[in-house]
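Quick note, the sequences are listed as chains A and B, same order. FYI, in our numbering the residues of the first sequence are 758 to 966. FYI, in our numbering the residues of the second sequence are 957 to 1131. The beta carbon of each residue, even a glycine, is placed where N, CA and C say it ideally should be.
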Amino acid sequence: MSDEQVSDQVEEQVQEPSADDVLAGELSELFALQLDRLAQWDLCLIAESDNFIDVLRYLRDKKSFAVLLDITAVDYLSFPGHRDERFAVVYLLKNLETCQRICIKVMVEEDEARLQTVCRLWKNANWLEREVFDQYGIHFQGHPNLKRILNHHQFVGHPLRKDYPVQKRQKLSVNDPMLDQLHQRLEENGYIIIEEAKPGESIQFGEQA
Amino acid sequence: MVYQAKPEAPGTLTQAEFDAGAGFLTTTRDTLVNWGRRNSLWPFPFGTACCAIEFMGTVSSVFDISRFGAELVRFSPRQSDLLLIAGTVTYKQAPILRRIYDQMCEPKWVIAAGACACTGGFYDCYCTVPGIDEIIPVDIYVAGCPPRPEAFLEAVVQLQDNIDRERLDVKKAIS
């Protein structure tokens, strides 16, 4: 293949913008989003913490990004060349009609580590945000039940932060009872709680450090 | 009329044989008790990962753990005397494992099967217990990721050897 043909092909690609490019252009125009140049796979846009819910709602309602695949976070502490806010919360959406995926990134300050919840947009955001809270310590304001989901309730700190000591182990000395959720679910299913479990009723095991 | 004497039931002793001491076997109390215990281990499988799948293979007909008298798998700690941890144990599960161990009646033995149960395996992280001997005492460690059924059988045989050496007048050290 000669150089001329190669350059022709490149030009053709430039002339026909992909669906991702169209969407990126539209969103940048509407919400002034920045394109994340470091993203290697899907389309990734950086939103501001005061308008990202509008972006997500627009994508869900107008662009058929009906599925919230995941919410996760990135800790940019010690990331080479990074000077902005320490954390980024990442929302991954999928369009079931075009099979397009999009990634919306919101930068979050270390000091406050707060962000609005998206539980009202997607029900599964409830647990996903709890996971991000558990592992990164980012507080989602307006979340109905923001507590740890993976680590036990005696756990101190947030293990996926880059400054969490790798070798640190934290023992759990009592069972994780999860009685509050049991009560709630029983009542949702029409049962009546006659006697609530007392706090600290779970069984203590042995000596613990 | 043709008749013959009623034959004696096989296995019964005549008075003379009895007086001579036939039909008796002398042994020690420990040997007798240990013989009973070693040949009727009732495992409680605490299976949390792929090692438990290998244990299923060990119980099934090809490898057949019942050749060693340990086939009666129980899912109640009160009915079992061999706690078999096959899989990864996290700190969140640790109190549950400890509770199951505490609920088992004496005498009881523990086999830690597989790399995770022995050492935490490759889960060198904040959430995995680096070896269940941090939580409960362990009699036999089985290497492998996951161990082959033969390794499970080897563990049972080794545990039987350990049981043979136990003494009733010496209390087993348990935490």
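Task: ASN932/A: contacting residues in chain B (beta-carbon distance under 8 Å) - done: Reading the first sequence from its first residue, position 175 is the one you call residue 932/A. In chain order: PRO1051, ILE1052, ARG1055.
TODO: Compare the Cα-Cα distances from ARG985/B to each of THR1046/B, ARG993/B, ALA1107/B and report the closest residue.
DONE: Translated into the one-based positions of the second sequence, residue 985/B becomes position 29. It is ARG993/B.
Task: C-alpha distance - ASP1120/B paired with GLN1049/B, whole-angstrom precision - done: As a first step, residue 1120/B is located in the second sequence; it is residue number 164 there, counting from the start. As a first step, residue 1049/B is located in the second sequence; it is residue number 93 there, counting from the start. Distance between the alpha carbons of ASP1120/B and GLN1049/B is about 32 Å.
Task: Neighbourhood of GLN1114/B by C-beta distance below 7 Å, restricted to the same chain and skipping five residues each side - done: For the purposes of this step, residue 1114/B is taken as residue 158 along the second sequence, with counting starting at 1. Closer than 7 Å at Cβ, skipping near neighbours: ILE1096.
Task: Classification of SER1022/B by the beta-carbon crowding that lies within 10 angstroms, buried from 16 upward - done: The residue labelled residue 1022/B in the question sits at position 66 within the second sequence. SER1022/B is exposed by the Cβ-count criterion.
TODO: Give a yes or no on whether the minimum CB-CB distance between CYS1074/B and chain A is below 8 Å.
DONE: Translated into the one-based positions of the second sequence, residue 1074/B becomes position 118. The C-beta of CYS1074/B comes no closer than 8 Å to any C-beta of chain A.
- [ ] Taking only beta-carbon positions, decide if GLU1048/B is within less than 8 Å of chain A.
- [x] Locating residue 1048/B in the second sequence gives position 92, where the first residue counts as 1. Per the sequence shown, the amino acid found at residue 1048/B is Lys instead of Glu. Closer than 8 Å: yes.
Task: CB of GLY1087/B within 8 Å of CB of GLY1070/B, strictly - done: Your numbering for residue 1087/B matches position 131 in the second sequence. Your numbering for residue 1070/B matches position 114 in the second sequence. Cβ distance not < 8 Å, so GLY1087/B and GLY1070/B don't count as in contact.
- [ ] Would you verify that the beta carbon of CYS1083/B is, or is not, closer than 8 Å to some beta carbon of chain A?
- [x] Against the second sequence, residue 1083/B aligns to sequence position 127. Yes, CYS1083/B counts as interfacial toward chain A.
Task: Residues within the segment 875-909 of chain A neighbouring chain B, beta-carbon criterion of under 9 Å - done: Cβ contacts with chain B come from LEU907, ASN908, HIS909.
Task: Cβ neighbour criterion (16 or more within 10 Å) applied to ARG1123/B - done: Translated into the one-based positions of the second sequence, residue 1123/B becomes position 167. So ARG1123/B counts as exposed.
- [ ] Inspect the CB distances between the segment 1006-1014 of chain B and the segment 1100-1108 of chain B and report whether three or more fall short of 8 Å.
- [x] The segment 1006-1014 of chain B, when compared against the segment 1100-1108 of chain B, does touch it at the 8 Å Cβ threshold.
- [ ] Evaluate ARG814/A with the Cβ neighbour count: other Cβ atoms within 10 Å of its Cβ, from every protein chain shown; 16 or more gives buried, anything less gives exposed.
- [x] Taking the first residue of the first sequence as position 1, residue 814/A is located at position 57. That one is exposed.
Open item on the list: Counting C-beta neighbours from all protein chains within 10 Å, is the total for ARG1055/B 16 or more, i.e. buried, or is it exposed?
Closed with: Here residue 1055/B corresponds to residue number 99 of the second sequence, with the count starting at 1. That one is exposed.
Task: Residue burial classification, ASP832/A (beta-carbon count within 10 angstroms, cutoff 16) - done: Position 75 of the first sequence, counting from 1, holds the residue named residue 832/A. In summary, ASP832/A is buried, with 16 or more beta-carbon neighbours lying within 10 Å of its beta-carbon over all protein chains present.
Open item on the list: Quick test of your reading: TYR1047/B and HIS909/A, contact by CB under 8 Å. State the CB separation rounded to the nearest angstrom.
Closed with: Residue 1047/B sits at position 91 when you count from the first residue of the second sequence. Residue 909/A sits at position 152 when you count from the first residue of the first sequence. Yes, TYR1047/B and HIS909/A are in contact; Cβ-Cβ is about 6 Å, under 8 Å.
- [ ] Please check if any C-beta of chain B sits within less than 8 Å of the C-beta of ALA966/A.
- [x] To locate residue 966/A, count along the first sequence from 1; it is residue 209. Its pLDDT being 40, under 50, ALA966/A is placed unreliably by the model, and the measurement read from it follows with that caveat. By this cut-off, ALA966/A is not an interface position.
Task: In chain order, each alpha helix (DSSP H) run of at least 4 residues that lies wholly inside the segment 1070-1128 of chain B - done: The alpha helix (DSSP H) runs of length 4 or more contained entirely in the segment 1070-1128 of chain B are, from start to end of the chain, 1070-1075, 1105-1120.
TODO: Using 10 angstroms around the beta-carbon of GLY967/B, count the other beta-carbons present and answer buried if the total reaches 16, otherwise exposed.
DONE: For the purposes of this step, residue 967/B is identified with residue 11 of the second sequence, where counting begins at 1. GLY967/B comes out exposed.
- [ ] Rounded to whole angstroms, what's the CA-CA distance from ASP827/A to ARG794/A? Just pull it up for me.
- [x] Along the first sequence, one-based indexing puts residue 827/A at 70. Along the first sequence, one-based indexing puts residue 794/A at 37. Going by the C-alpha atoms only, they are around 21 Å apart.
Open item on the list: Residues of chain B with CB closer than 8 Å to the CB of GLN927/A, please, in chain order.
Closed with: For the purposes of this step, residue 927/A is taken as residue 170 along the first sequence, with counting starting at 1. TYR1047, TYR1082, listed in chain order.
Task: Of the residues GLN924/A, GLN873/A, TYR893/A, ASP920/A, the one placed nearest HIS900/A, counting alpha carbons only - done: In the first sequence, residue 900/A corresponds to position 143, counting from 1. Nearest to HIS900/A by C-alpha distance, out of GLN924/A, GLN873/A, TYR893/A, ASP920/A, is GLN873/A.
Task: Neighbour list for PRO837/A in chain B, Cβ cutoff strictly below 9 Å - done: Along the first sequence, one-based indexing puts residue 837/A at 80. Chain B residues near PRO837/A: none, gap ~24 Å exceeds 9 Å.
Task: Buried or exposed by the 16-neighbour rule on C-beta atoms within 10 Å, applied to GLY947/A - done: As a working note, residue 947/A is residue 190 in the first sequence. Result: exposed.
- [ ] If I'm right that ARG905/A touches ASP891/A with Cβ under 8 Å, what's the distance once you round it to whole angstroms?
- [x] Position 148 of the first sequence, counted from the first residue, corresponds to residue 905/A. Position 134 of the first sequence, counted from the first residue, corresponds to residue 891/A. Rounded, the Cβ-Cβ distance is 4 Å, consistent with contact.
- [ ] Return the bridge partner residues of LEU849/A from the DSSP annotation.
- [x] The sequence position of residue 849/A within the first sequence is 92, counting from 1. Per DSSP, ASP827/A, CYS860/A.
Task: Secondary structure of ARG1023/B, DSSP reduced to three states - done: Position 67 of the second sequence, counting from 1, holds the residue named residue 1023/B. Helix, per DSSP.
- [ ] Taking 8 Å as the cut-off, decide whether the C-beta atoms of ASP1037/B and TRP991/B are in contact.
- [x] One-based indexing of the second sequence puts residue 1037/B at position 81. One-based indexing of the second sequence puts residue 991/B at position 35. No, they are not a contact pair.
Open item on the list: What does the alpha-carbon distance come out to for the pair CYS1040/B and ASP1058/B?
Closed with: Locating residue 1040/B in the second sequence gives position 84, counting from the first residue. Locating residue 1058/B in the second sequence gives position 102, counting from the first residue. The amino acid at residue 1040/B is misidentified as Cys; the sequence shows Leu. For LEU1040/B and ASP1058/B, the distance between alpha carbons rounds to 14 Å.
Open item on the list: Taking CB distances under 8 Å as the criterion, tell me whether PRO774/A reaches chain D.
Closed with: Note that chain D does not occur in the displayed structure, where the protein chains are A and B.
Open item on the list: By the three-class DSSP mapping on this structure, what secondary structure does PRO1039/B have?
Closed with: As a working mapping, residue 1039/B is identified with position 83 in the second sequence. The displayed chain sequence assigns Leu, not Pro, to residue 1039/B. In the three-state reduction of the DSSP assignment, LEU1039/B falls in the strand class.
TODO: Using beta-carbon positions only, say whether PHE822/A and LEU850/A come within less than 8 Å of one another.
DONE: Working through the first sequence from its first residue, we reach residue 822/A at position 65. Working through the first sequence from its first residue, we reach residue 850/A at position 93. Going by beta carbons, PHE822/A and LEU850/A fall inside the 8 Å limit.
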